[in-house]
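This report refers to the structure that appears directly beneath it.
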Amino acid sequence: MPLWKFSVDTVPETERQAAWVDVLRRLKLPVADLSSLSRVRGSVMVTTTPLGCEFAVLESTPQTYSGRNPDHSSAVWLAVLARGEGILDHGGETTVLSPRSIIFGASGVDSTLRLTSDFRMLFIKIPQLAVSPRMITPLGQRVGILPGVSGLEKMFNGLLLNLADTLEALNDEHFQPVEQSMIEFLVACLASDGRIESKGGAAGARAFHLRRICQKIETLLHDPELSLLKVAAENGVSPRYVQKLFTGAQMTFSNYLKTRRLERCYADLISPVHAQLSVSEICFRWGFNDAAHFSRTFRERFGLSPSKHRQSGQPRI
């Protein structure tokens, strides 16, 4: 897995500001106050996974990022402070970050993150299409904070802090379960973060039921016989009710199932962990039962054939 590290201690003092700005630009973090970097100290460690997730651990002096991510690719970002203090400004609201806080947002949305002391931070970018199909309602033009009050948020915070401490020791084989766990935690935390599901009533109940059904589908993706009838039976509801839940979220059961299977195949095709498996074996592994149909569907979804994707080894979601 590609891993790059950099420390401004390795360059002359007169060049440190420019060198650190280059690091931040590479991470697509918009610098707001160059004067705060006149005596910058800092180091960074970054790795990018086959799925296209980017993990960066930054340690540095106070600085401010403001504006929008200049990267036009669609992504969801997360940031958690392992050490230090900070303030988030977004939509006219100012929030002081606690050690348990997890900041999240969509790329292309304006916000300001002021790191007011020396800090250590884990910054993560996730391709939005790796997250969106798992969410009941889209993230949209949103930046927010998970305050780390609920048990689920505390567990998520612990996962991210441990990830920051062990990033350098992880290999390709480790990252697939890490990514899946991270996305599941994020989806579950956002579902209870003031959104439809947390508001109760009929709409909240439907959102809760749909999330439970999607979680069950995740455990059954490998089954080529998986159907609307089977999912309904597994959840003790009628097929018509399941289809109604998906329609209410502007999806269909069949499209959701196909998308999740394709995304699992996408990740496995460029994962060294599954390099010994053929394209057909990966296709069948995730519930497709026709290799030709899989190849056509994959090309329609990602713009290239499964074999070309495997050869490129580069994420394109």
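Per the UniProt record's numbering, the very first residue in the sequence shown carries number 1; after that it's consecutive.
Glycine is no exception: its CB is placed at the ideal position from the N, C-alpha and C atoms.
These figures come from a predicted structure and were not determined experimentally.
Which residue or residues does DSSP assign as beta-bridge partners of residue i?
i    : result
A249 : A249 is not bridged to any residue.
L66  : The question names Leu, yet the displayed sequence has Ser at residue 66. According to DSSP, which records beta bridges pairwise, S66 is partnered with T112.
A75  : P127
S60  : G42 and F119
I217 : For I217, which the question treats as bridged, DSSP gives no partner whatsoever.
K5   : M45
T94  : D89
V31  : Y65
Can you tell me whether residue i is helix, strand or coil according to DSSP?
i    : result
S43  : strand
L88  : strand
F156 : helix
P99  : coil
I270 : coil
S305 : coil
E15  : helix
F288 : coil
G105 : strand
G144 : strand
V21  : helix
E184 : helix
L81  : strand
E54  : strand
D165 : helix
N235 : helix
S198 : Only weak support exists for where S198 lies, its pLDDT of 45 falling under 50; the coordinates are left without a value.
H222 : coil
V149 : coil
Would you say residue i and residue j are within 8 Å of each other, going by their C-beta atoms?
i    : j    : result
W77  : G42  : no
V143 : H90  : yes
M121 : A79  : yes
V96  : I87  : yes
D118 : G84  : yes
F208 : L146 : no
F298 : L262 : yes
L159 : S181 : yes
L167 : V57  : yes
P306 : V273 : no
S217 : R264 : Residue identity differs from the one stated: residue 217 is Ile in this sequence, not Ser. Against a cut-off of 8 Å, the Cβ pair of R264 and I217 comes out as no contact.
Can you tell me whether residue i is buried or exposed? The criterion is at least 16 other CB atoms within 10 Å of its CB, across all chains shown.
i           : result
Q276        : exposed
V149        : exposed
L3          : exposed
T252        : exposed
T14         : exposed
D33         : exposed
P315        : With a pLDDT of only 47 at P315, under 50, the local geometry of the prediction cannot be trusted, and the value read off the model is given with reservation. Counting Cβ neighbours within 10 Å, P315 comes out buried, since at least 16 surround it.
N157        : buried
A130        : buried
residue 321 : A query on residue 321 cannot be resolved here, the shown segment of the chain reaching from 1 to 317 and no further.
T247        : exposed
S60         : buried
Assuming residue i and residue j make a contact with CB atoms under 8 Å, what is their CB distance in whole Å?
i    : j    : result
F302 : Y266 : 7 Å
V11  : V44  : Actually they do not touch by this definition, with Cβ atoms about 13 Å apart.
A191 : R211 : 6 Å
L27  : F123 : 7 Å
T116 : S66  : The Cβ separation is near 14 Å, so there is no contact.
I270 : I183 : That pair is no contact at about 17 Å.
A82  : L170 : 16 Å between Cβ atoms; not a contact.
Taking Cβ positions only, does residue i come closer than 8 Å to chain D?
i    : result
A188 : Among the chains of the structure shown, chain D does not appear; only one protein chain is present.
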